[in-house]
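**Q**
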Amino acid sequence: MKTPRPHIKVHHRNANEYGSFAKGDTPTKVIGVRHTKEKPDLEVMVGWKLRDDGSQPINSKVSRLELLQKGFWLPLLQFYESKMKMENSPDFNPESLPKM
Numbered sequence: 461m462k463t464p465r466p467h468i469k470v471h472h473r474n475a476n477e478y479g480s481f482a483k484g485d486t487p488t489k490v491i492g493v494r495h496t497k498e499k500p501d502l503e504v505m506v507g508w509k510l511r512d513d514g515s516q517p518i519n520s521k522v523s524r525l526e527l528l529q530k531g532f533w534l535p536l537l538q539f540y541e542s543k544m545k546m547e548n549s550p551d552f553n554p555e556s557l558p559k560m
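In structure tokens form, the structure reads like this:
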């Protein structure tokens, strides 16, 4: 005789809750990068800036090329630098970069 399993509530997310360029969201942080067999590019998990209405978009995936083409290279650069271990190297300060 099987023991009944406790009911687990599953939260289904609305597609509008996820961040995207199409919704005008701005990426602030790269959380992870992975290679995909389906595409010749890298898939990037991105954290998004708080929206004007106060809602926080859920992290979502974009392609590396899309991130770069839209001019958001800094979060990708910061991610890559965080993964490198360099002795005696100065800390990276984004404020020191020239404004474009």
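Its first residue numbered 461, the sequence shown is counted upward by one per residue in the numbering used here. Yeah, the Cβ is synthetic: ideal placement off N, Cα and C, and Gly gets one too. The model shown is predicted, which means the values in this text are computed figures rather than measured ones.
1. On the premise that Thr488 lies in contact with Gly514, defined as a C-beta separation below 8 Å, what is that separation, rounded to the nearest angstrom?
2. On the criterion of 16 or more Cβ atoms from any shown chain inside 10 Å, does Leu536 qualify as buried, or is it exposed?
3. Rounded to whole angstroms, what's the CA-CA distance from Leu510 to Gly479? Just pull it up for me.
4. Using 8 Å as the threshold, is the region 491–498 in touch with the region 525–533, meaning 3 or more CB pairs across them?
5. To which residues of the same chain is Thr486 closer than 8 Å at the C-beta, ignoring the five residues directly before and after it?
**A** According to the structure shown:
1. Wrong, their Cβ atoms sit about 16 Å apart, outside the cutoff.
2. buried
3. Rounded to whole angstroms, Leu510 and Gly479 show a C-alpha spacing of 10 Å.
4. no
5. Trp508, Lys509, Phe532
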